[in-house]
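Q: Please read through the structure below; I'll follow up with questions.
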Amino acid sequence: MPARLWLLVFGVVVFVASATARECQDEALPDMPSPRFVVIQNGTVKDASTGLMWKQCAEGLGGIGCVRGETMSLSWQSAMQRAQTSTFAGHADWRLPDRDELMSLLERRCFGLDIDGVAFPNTQPGRFWSSTPANYYPGSAWRVHFGTGDMDYGMKRQSAFVRLVRDAHACTPARPSTCLPHEDRLYEPHGSVEELAE
């Protein structure tokens, strides 16, 4: 009798695990550009789905293809401070993304990197901080792993990678405090900022 019960429990566990496994899309090739993301020449990426503007490179990286430098691994507090002081691409309103914003970048694949490799090249397959605290675990915040697609929480004193975001519509003539002045900058009707072609 105990053997039958064990087999029943094992069968239920296997069924539940397979039913709740995440769907993945290996047919979505990592080197195919997504129409969702618009790469802007100033090192930012506009997400047409969410209206957010992301830094193309993780903190510590730069240049075309994000190959210059080394990816920085920071504590949560250091990541928050870095976001508050960033003036990248003439914007002064960079921030750490919340958990849902960071999760929105995931691309469900069975194998390989879980982020658009064209829009966000050279992304480390590791944990990235979100600004969302883990309420049930004081001193912790949520992280997203861009190698496995998993989400977990970590102690804020631990280190993780950082990708900054901003609200793309925030930099407008009506809200000039969110932008840094630049002679080659132009305001678009929808509030997004593009570099003028030279």
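Heads up: the sequence shown runs through residues -21 to -1, 1 to 177, numbered per mature numbering (1 follows the signal peptide of the UniProt record, and there is no 0). Glycine included, each C-beta is placed from N, C-alpha and C at the ideal position.
#1: Counting contacts by CB-CB distance shorter than 8 Å, is K135 in contact with chain B?
#2: Using the Cβ count rule (16 or more neighbours within 10 Å means buried), how would you classify G30?
#3: When the Cα of P112 is compared with those of G126, N21, Y132, which residue comes out closest?
#4: Taking just the CA atoms, how far does D77 sit from R136?
#5: Which residues bound the alpha helix (DSSP H) around A58?
#6: Which ranges would you report for the alpha helix (DSSP H) in the region 76 to 150 if only whole runs of at least 4 residues count?
#7: Beta carbon of residue 178, beta carbon of V123: below 8 Å?
#8: By the three-class DSSP mapping on this structure, what secondary structure does G69 have?
#9: I need the straight-line Cα distance from A71 to G22, nearest angstrom please.
#10: So the beta strand (DSSP E) M32 belongs to, where does it begin and stop?
A: Looking at the coordinates:
#1: Going by chain labels, chain B is absent from the structure shown, which holds only one protein chain.
#2: For the purposes of this step, residue 30 is taken as the residue at position 51 of the sequence shown. Exposed, because fewer than 16 other Cβ atoms sit within 10 Å of the Cβ of G30.
#3: The sequence position of residue 112 within the sequence shown is 133, counting from 1. Among G126, N21, Y132, the Cα nearest to that of P112 belongs to Y132.
#4: On the sequence shown, position 157 is the one that residue 136 refers to. On the sequence shown, position 98 is the one that residue 77 refers to. Roughly 18 Å between the two C-alpha positions.
#5: In the sequence shown, the residue the question calls residue 58 occupies position 79. Counting along the chain, the alpha helix (DSSP H) containing A58 begins and ends at 55 to 64.
#6: 78 to 82
#7: Residue 178 cannot be examined here, being either before or after the span of the chain that is shown, -21 to 177.
#8: Here the question's residue 69 lines up with position 90 in the sequence shown. Of the three classes helix, strand and coil, the one that applies to G69 here is helix, per DSSP.
#9: Against the sequence shown, residue 71 aligns to sequence position 92. Against the sequence shown, residue 22 aligns to sequence position 43. The alpha-carbon atoms of A71 and G22 are separated by roughly 15 Å.
#10: To locate residue 32, count along the sequence shown from 1; it is residue 53. M32 -> beta strand (DSSP E) spans 31 to 34.
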